[in-house]
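**Student:**
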Amino acid sequence: MYKFEKSFYSKTSMYSFVVVLLLFFSMWYSTSKFVHIDMALLGYAISSTVFAIGLTIRMSFWMWRKATNRVAKRSVDNLFNKERLKRNSKAVVKTLIDNIILQKFIFQRGIYRGIQHFMISWGCIISFAITFGLTFGWMRFDLIDPETYQIIVFDFPTITMAAHGIFAEIVYNGLNIGAIMVLIGAGMALYRRITDYDVKVTQRFEFDILPLIILLAVTVTGLILTIQYTFLGGWMHHYMSLIHQVTVIIMLMYFPFGKLFHVPIRPLATAVPMSYQEVVKVDTKSCKSCGQPYSNDDQIADVQAILKSQNFDLQLADGSYLSDYCTGCRRRMRALKQMNLEAPQGNPYGPVNTNNGIHISGFSKKRSEEFYGLDQDSKEEKIDEPVSR
Amino acid sequence: MNKIMYLEFERCIGCRACQAACRECGDHDAKERNYVEYVDFTESRQTFPMLCMQCKDPACARVCPANAIQITDEGVVLSAMEEKCIGCRNCTFGCPFGIPKFDFEKNKMYKCDMCYDRTRHDIAPMCASVCPSDAIRFIDFDEMQQLRRKRTQMNLVEGKKPQEGNKWDYVPEFFGVYTDQS
Numbered sequence: 005m006y007k008f009e010k011s012f013y014s015k016t017s018m019y020s021f022v023v024v025l026l027l028f029f030s031m032w033y034s035t036s037k038f039v040h041i042d043m044a045l046l047g048y049a050i051s052s053t054v055f056a057i058g059l060t061i062r063m064s065f066w067m068w069r070k071a072t073n074r075v076a077k078r079s080v081d082n083l084f085n086k087e088r089l090k091r092n093s094k095a096v097v098k099t100l101i102d103n104i105i106l107q108k109f110i111f112q113r114g115i116y117r118g119i120q121h122f123m124i125s126w127g128c129i130i131s132f133a134i135t136f137g138l139t140f141g142w143m144r145f146d147l148i149d150p151e152t153y154q155i156i157v158f159d160f161p162t163i164t165m166a167a168h169g170i171f172a173e174i175v176y177n178g179l180n181i182g183a184i185m186v187l188i189g190a191g192m193a194l195y196r197r198i199t200d201y202d203v204k205v206t207q208r209f210e211f212d213i214l215p216l217i218i219l220l221a222v223t224v225t226g227l228i229l230t231i232q233y234t235f236l237g238g239w240m241h242h243y244m245s246l247i248h249q250v251t252v253i254i255m256l257m258y259f260p261f262g263k264l265f266h267v268p269i270r271p272l273a274t275a276v277p278m279s280y281q282e283v284v285k286v287d288t289k290s291c292k293s294c295g296q297p298y299s300n301d302d303q304i305a306d307v308q309a310i311l312k313s314q315n316f317d318l319q320l321a322d323g324s325y326l327s328d329y330c331t332g333c334r335r336r337m338r339a340l341k342q343m344n345l346e347a348p349q350g351n352p353y354g355p356v357n358t359n360n361g362i363h364i365s366g367f368s369k370k371r372s373e374e375f376y377g378l379d380q381d382s383k384e385e386k387i388d389e390p391v392s393r
Numbered sequence: 095m096n097k098i099m100y101l102e103f104e105r106c107i108g109c110r111a112c113q114a115a116c117r118e119c120g121d122h123d124a125k126e127r128n129y130v131e132y133v134d135f136t137e138s139r140q141t142f143p144m145l146c147m148q149c150k151d152p153a154c155a156r157v158c159p160a161n162a163i164q165i166t167d168e169g170v171v172l173s174a175m176e177e178k179c180i181g182c183r184n185c186t187f188g189c190p191f192g193i194p195k196f197d198f199e200k201n202k203m204y205k206c207d208m209c210y211d212r213t214r215h216d217i218a219p220m221c222a223s224v225c226p227s228d229a230i231r232f233i234d235f236d237e238m239q240q241l242r243r244k245r246t247q248m249n250l251v252e253g254k255k256p257q258e259g260n261k262w263d264y265v266p267e268f269f270g271v272y273t274d275q276s
C-alpha cells in the first residue's frame, strides 16, 4: 500500500485517481459495457469527471486541516461506538431532516431567505441527480413495449411507467422543474444581494454574486432549450445546447472552488449533536474559576488539541489552558491583567483586589513595592507574584 | 487605514451605550457583539468594555473545522461565513479572550467585526463613536503612541518606574488594524 501511494505525485492525486477509476467502472457497469452510453452527453461526462477530481482535491485539503481532521476523526470514532448508538442515530436523522431536507435553520434566519435557499438547494439537488445519473449512465430509460418505459438504474430494471402518463411527464421534466426552482431561488437571492444593505457589508462579488450569476446562466440557457424544442420547433436548438453545455461546464469547474463548496462541508454538522452537545449530568466540564459548567468535555479536549498542534501557546502559569475557563471568566482575566487588578494574595481564585497600587489616592502616599516584586530575589518573587487567573 | 482601537478599561462607566450602538450597526442583526462586564461585582462597580482583538493569526479561525472565519485584506476578522458555519462553537472555546458569540436559534456564530462597513472607510466603529467617557476610542496610530507615552509619564510622576519585565503593565491595551503599506 505504501509503495502504491508513493507511485503517485501526492495523496490527493491518488484519491483523485481512485475516484476517476470508480466513476469509470460505475459507468462501464451501468451502461452494460458502454453499450447504452449516451454519446451526446460525453462533454458533460468529461467535465463531471474533472468536477469530481476538483472536489476530491478540495475535500482532501479541507480534511487535512488540523481542526477539520480532529473533528471528523472524533465523529468517526463516535459513530462506531456501540454505546452511543442511540445518540448517533438520533443525531444523524436529526441533521438529515432538520438541516438538509427541511433546512430549518435558514427559515429561522428569515422566511425569505428560507424559501430562497430551499428553492436553490432542492433545484440543484434534483438537477444534479438527473444530470449525473444520465451522463454517467447510472440511470437510463428503456422502451420495453411501444407504450411503456422502464427506468434502469445501475443496469438494474426498476419502475415501469406509461410513456405518456403523469409520472412519466414529471420524470421527463425533472430538469425543467429543478431549473424553475433554481431560477426562482437564485433570482430571489440576487435581488436580496443587490438591495439589502446588511448583506452588502461583507459580500464580495466573486464569492457571493458570481455563483448566482453562473447558476442563473445555467438555468436560463437550459429553460431556453426547453422553450426552443417545445414551442419553436427546435429553432437554434443546436447552438443553444452548446451554450448551455459551456455554462454547465463553467458551473462544474467553479463548484469546488467557490461558494458552492459549502455543500460537501455541511454534513460535518452532524458532528455537533453527535459529539459536542452537552449532556446534563454527564459532561462535567466546569469553569476553573467560577465553577459553572460551560461545555462538553470532548469539545474542550479537541479545541486544546487543535490549538496545541498549531503551536498556540495558551497555557497559563498554573498549567491550565485558557479554554479551561468559561468565556466570561476569560474576558475578565484579560481585563484584570490589563488593569493590574489580579489578586496579589497568591490565591488566583480568590476575590479581586481592586486597589492595584498604581492609582493610589493622593500623590504623597507610597506605593507598596511588594506588589511588583521587582527588587526581590526570585524565590520570594514566586510567592508574591500575582498568579495568572 | 492606520487607525487603532484604543481601550482604557478604567474609563468605562458601565453605561452600555456601546452595546446599544452595536445593535444598530449594519449586518449586526440587532444583536450586540461587544461586552460590558463587571470586574468583580462584589468588590467594586468597575466595568470594562470588551471587543475582539482582531488577531493577526486568530485562534478562532484556526479551530474552525469548516474554515468559516475569514480575514479581510485590512486584517479584520469577520464573523463565520453563514453558509459554511456548522455551529460547533469551537471558536467560542478556542478564542483566548472569549469573544465570539453564538446564536442558537439561527445556528450561527457572530463576533465583533469592528463595524467593517464603517472602519473600511475610516469611520469610527459604532461603539467608539458613542462612548461618552472615551473608554473606547478609534484613533490614529501616532495619537495612540502619544497617549501611551503620557500614561507612562503619569506613572513616573507618581513614582513608579516601569522596567523591562513589567513595562506592559503600565500602558493600556491597544489593538487595531494595520496594513503594511502605510
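Sequences listed follow chains S and E, in order. If you read the first sequence in our numbering, its first letter stands for residue 5, the second for the next number, and so on. If you read the second sequence in our numbering, its first letter stands for residue 95, the second for the next number, and so on. Built from N, CA and C at the ideal position, the CB exists for glycine as well.
(1) Is there a Cβ of chain S sitting closer than 7 Å to that of M99/E, yes or no?
(2) Any idea what DSSP makes of L147/S, helix, strand or coil?
(3) Between M175/E and A155/E, is the Cβ-Cβ spacing less than 7 Å?
(4) Using 8 Å as the cut-off, can you tell me whether the segment 223–239 of chain S makes contact with the segment 198–215 of chain S, which would need three or more C-beta pairs spanning the two stretches below that distance?
(5) Shorter than 7 Å from the beta carbon of N128/E to some beta carbon of chain S?
(6) Within 7 Å of any Cβ in chain E, is that where the Cβ of E385/S sits?
(7) Identify each residue in the segment 140–164 of chain E for which the Cβ-Cβ distance to at least one residue of chain S is less than 7 Å, and report them in chain order.
(8) Find the nearest neighbour of R231/E within the set F191/E, P143/E, V171/E, T166/E, judged by alpha-carbon distance.
(9) Given that Y204/E touches chain B, what residues does it touch there, using C-beta distances under 7 Å?
(10) Is it true that the CB of R334/S sits closer than 7 Å to the CB of F196/E?
(11) Give me the Cα-Cα distance between A166/S and Y153/S, rounded to the nearest whole angstrom.
(12) If you draw a straight line from the alpha carbon of S401/S to that of L45/S, how long is it in whole angstroms?
(13) Helix, strand or coil: how does DSSP classify L101/E here?
(14) Starting from the C-beta of Y280/S, find all residues in its chain whose C-beta is less than 6 Å away, skip the five residues before and the five after it, and write them out in chain order.
(15) What number of angstroms, rounded off, separates the C-alpha of Y116/S from the C-alpha of C119/E?
(16) What three-state label does DSSP hand V157/S in the structure shown?
(17) Establish whether the CB of C182/E and some CB of chain S are separated by less than 7 Å.
(18) Figure out for me which residue from N85/S, R62/S, G323/S has the closest Cα to the Cα of F261/S.
(19) How big is the Cα-Cα spacing for P114/E and K263/S?
(20) Just to confirm, are D159/S and S30/S a CB contact at a threshold of 7 Å?
(21) Examine chain E for any beta-carbon lying closer than 7 Å to the beta-carbon of F122/S, and answer yes or no.
(22) Tell me whether the segment 97–116 of chain E and the segment 202–221 of chain E touch, counting them as touching only if at least three CB pairs, one residue from each stretch, are closer than 8 Å.
(23) In three-state DSSP terms, what is D151/E?
(24) So, is V222/S buried or exposed, given that buried needs 16 or more other C-beta atoms within 10 angstroms?
(25) On the premise that P277/S lies in contact with T288/S, defined as a C-beta separation below 8 Å, what is that separation, rounded to the nearest angstrom?
(26) For M343/S, return the contacting residues in chain E, with the cut-off set at a CB-CB distance below 7 Å.
(27) Assuming E126/E and C116/E are in contact, meaning their beta carbons sit under 8 Å apart, how far apart are those beta carbons, in whole angstroms?
(28) First and last residue of the alpha helix (DSSP H) that includes E118/E?
(29) If you drop the 5 nearest sequence neighbours on each side, which residues of the same chain put their C-beta closer than 7 Å to that of F171/S?
(30) Going by CA-CA distance only, name the one from A275/S, M18/S, D42/S that's closest to F145/S.
(31) Let's test the definition: count the other Cβ atoms within 10 Å of the Cβ of S173/E and tell me whether it reaches 16, buried, or not, exposed.
(32) How far does the alpha helix (DSSP H) with M144/E in it extend, from its first residue to its last?
(33) Assuming T136/E contacts C106/E under a Cβ cut-off of 8 Å, what Cβ separation, rounded to an integer in Å, is found between them?
(34) Roughly how many whole angstroms lie between the Cα atoms of L100/S and K150/E?
(35) Do the CB positions of Q249/S and G47/S come within less than 7 Å of each other?
(36) Strictly under 7 Å for the Cβ-Cβ distance: is Q314/S near chain E by that measure?
**Tutor:** Answer, in terms of the structure:
(1) One-based indexing of the second sequence puts residue 99/E at position 5. Answer no: the Cβ-Cβ gap between M99/E and chain S never drops below 7 Å.
(2) To locate residue 147/S, count along the first sequence from 1; it is residue 143. Strand at L147/S.
(3) Translated into positions along the second sequence, residue 175/E becomes position 81. Translated into positions along the second sequence, residue 155/E becomes position 61. Cβ distance not < 7 Å, so M175/E and A155/E don't count as in contact.
(4) no
(5) Sequence index remark: in the second sequence, residue 128/E carries index 34 (1-based). No - not a single Cβ of chain S is within 7 Å of the one on N128/E.
(6) Mapped onto the first sequence, residue 385/S falls at position 381. For E385/S, the pLDDT reaches just 49, beneath the cut-off of 50, and the residue's location in the model is therefore unreliable, leaving the point undetermined.
(7) Q140, F142, M144, A153, R156, V157, C158, P159, A160, N161
(8) Residue numbering aside, residue 231/E sits at position 137 when the second sequence is read from its first letter. Here the closest residue by C-alpha is P143/E.
(9) Note that chain B does not occur in the displayed structure, where the protein chains are S and E.
(10) The sequence position of residue 196/E within the second sequence is 102, counting from 1. The sequence position of residue 334/S within the first sequence is 330, counting from 1. Against a cut-off of 7 Å, the Cβ pair of R334/S and F196/E comes out as no contact.
(11) Position 162 of the first sequence, counted from the first residue, corresponds to residue 166/S. Position 149 of the first sequence, counted from the first residue, corresponds to residue 153/S. About 6 Å.
(12) As displayed, chain S neither begins before 5 nor continues past 393, which places residue 401/S out of reach and without an answer.
(13) The sequence position of residue 101/E within the second sequence is 7, counting from 1. L101/E: strand per DSSP, three-state reduction.
(14) The residue given as residue 280/S occupies position 276 in the first sequence. Closer than 6 Å at Cβ, skipping near neighbours: N300, Q303.
(15) Walking along the first sequence from the start, residue 116/S turns up at place 112. Walking along the second sequence from the start, residue 119/E turns up at place 25. So the two alpha carbons sit approximately 21 Å from each other.
(16) Position 153 of the first sequence, counting from 1, holds the residue named residue 157/S. Three-state DSSP puts V157/S in a strand.
(17) Sequence index remark: in the second sequence, residue 182/E carries index 88 (1-based). Yes, contact with chain S.
(18) Taking the first sequence and counting its residues from 1, one reaches residue 261/S at position 257. Closest by alpha carbon: R62/S.
(19) Within the second sequence, residue 114/E is the residue found at index 20, counting from 1. Within the first sequence, residue 263/S is the residue found at index 259, counting from 1. The sequence given here places Ala at residue 114/E; Pro does not occur at that position. If I take the Cα positions, the gap works out to 33 Å.
(20) Stepping through the first sequence from its first residue, residue 159/S is reached at position 155. Stepping through the first sequence from its first residue, residue 30/S is reached at position 26. Cβ atoms of D159/S and S30/S: not closer than 7 Å.
(21) In the first sequence, the residue the question calls residue 122/S occupies position 118. Judged by the 7 Å Cβ criterion, F122/S is not in contact with chain E.
(22) yes
(23) Translated into the one-based positions of the second sequence, residue 151/E becomes position 57. D151/E: coil per DSSP, three-state reduction.
(24) By one-based count along the first sequence, residue 222/S stands at place 218. Answer is buried; the Cβ neighbour count reaches 16.
(25) Translated into positions along the first sequence, residue 288/S becomes position 284. Translated into positions along the first sequence, residue 277/S becomes position 273. No, T288/S and P277/S are not in contact; Cβ-Cβ is about 19 Å, not under 8 Å.
(26) For the purposes of this step, residue 343/S is taken as the residue at position 339 of the first sequence. Simply F103, E104.
(27) The count along the second sequence starts at 1 and reaches residue 126/E at position 32. The count along the second sequence starts at 1 and reaches residue 116/E at position 22. That belief holds up - the Cβ atoms of E126/E and C116/E are roughly 4 Å apart, short of 8 Å.
(28) Taking the first residue of the second sequence as position 1, residue 118/E is located at position 24. 111–118 is the span of the alpha helix (DSSP H), which, as asked, contains E118/E.
(29) For the purposes of this step, residue 171/S is taken as residue 167 along the first sequence, with counting starting at 1. For F171/S, where only same-chain residues beyond five positions count, the Cβ hits under 7 Å are M165.
(30) In the first sequence, residue 145/S corresponds to position 141, counting from 1. Nearest C-alpha to F145/S: D42/S.
(31) Position 79 of the second sequence, counted from the start, is the residue given in the question as residue 173/E. Classification for S173/E: buried.
(32) Numbered from its first residue, the second sequence carries residue 144/E at position 50. Here M144/E belongs to no alpha helix (DSSP H); instead the beta strand (DSSP E) covers 141–144.
(33) Taking the second sequence and counting its residues from 1, the one referred to as residue 136/E is at position 42. Taking the second sequence and counting its residues from 1, the one referred to as residue 106/E is at position 12. Actually they are not in contact, since the Cβ atoms of T136/E and C106/E sit about 18 Å apart, beyond 8 Å.
(34) Locating residue 100/S in the first sequence gives position 96, counting from the first residue. Locating residue 150/E in the second sequence gives position 56, counting from the first residue. Using only the alpha carbons, I get a separation of about 36 Å.
(35) Numbered from 1 along the first sequence, position 245 holds the residue referred to as residue 249/S. Numbered from 1 along the first sequence, position 43 holds the residue referred to as residue 47/S. Yes, Cβ-Cβ distance for Q249/S and G47/S is below 7 Å.
(36) On the first sequence, residue 314/S is found 310 positions in, with the first residue counted as 1. By this cut-off, Q314/S is an interface position.
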